[in-house]
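Residue numbers (my numbering): 13 to 136.
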């Protein structure tokens, strides 16, 4: 589906990073494999039990703000989720179309719109 957008009249674009700018492989690995494995090792429970517990925790807050809150997951699971994401940072890769897309959002000086592009990242 192609949608024509008059980009000259758009001053703000909000994007979700996961699956939009970043390849989902990182998220899938982190939340479906690493978090349950780390939780299971910390709690001394089997990988299967850890996987099931984590799945239940995810399901309980799906479609709420807590789903997206790293502080919530750190407190809920007793894991330092921020440190874990930082340690796994090299696994996060941009989608192939991310840089061309962001470049396309840069203001074109030849149309009289010359303020710099700003990217606001909400991450601690």
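Heads up, the beta-carbon is just placed ideally off N, CA and C, and yes, glycines get one too. These figures come from a predicted structure and were not determined experimentally.
Rounded separation between residue i and residue j - CA only
i, j, result
"residue 30", "residue 56", "31 Å"
"residue 100", "residue 18", "38 Å"
"residue 126", "residue 62", "With a pLDDT of 46 at residue 126, under the threshold of 50, the modelled position of this residue cannot be trusted; read the value that follows with caution. In a straight line, the C-alpha of residue 126 is about 52 Å away from that of residue 62."
"residue 93", "residue 16", "39 Å"
"residue 81", "residue 108", "27 Å"
"residue 97", "residue 117", "28 Å"
"residue 78", "residue 105", "25 Å"
"residue 83", "residue 33", "22 Å"
"residue 90", "residue 49", "13 Å"
"residue 136", "residue 20", "With a pLDDT of 44 at residue 136, under the threshold of 50, the modelled position of this residue cannot be trusted, and the question is left open."
Classification of residue i by the beta-carbon crowding that lies within 10 angstroms, buried from 16 upward
i, result
"residue 111", "exposed"
"residue 51", "buried"
"residue 59", "exposed"
"residue 22", "exposed"
"residue 85", "buried"
Bounding residues of the alpha helix (DSSP H) (the contiguous stretch that carries residue i)
i, result
"residue 88", "82-89"
"residue 61", "59-73"
"residue 48", "47-55"
"residue 21", "Premise fails: residue 21 is in no alpha helix (DSSP H) and is neither H nor E."
From the options, residue whose alpha carbon lies closest to that of residue i
i, options, result
"residue 115", "49, 25, 42, 70", "25"
"residue 113", "77, 27, 38", "27"
"residue 68", "54, 95, 36, 44", "44"
Cβ distance (whole Å) where residue i is taken to contact residue j below 8 Å
i, j, result
"residue 41", "residue 88", "The pair is not a contact, with the Cβ atoms about 20 Å apart (cut-off 8 Å)."
Chain D within 8 Å of residue i, Cβ atoms only
i, result
"residue 48", "You won't find chain D in this structure, because it holds only one protein chain."
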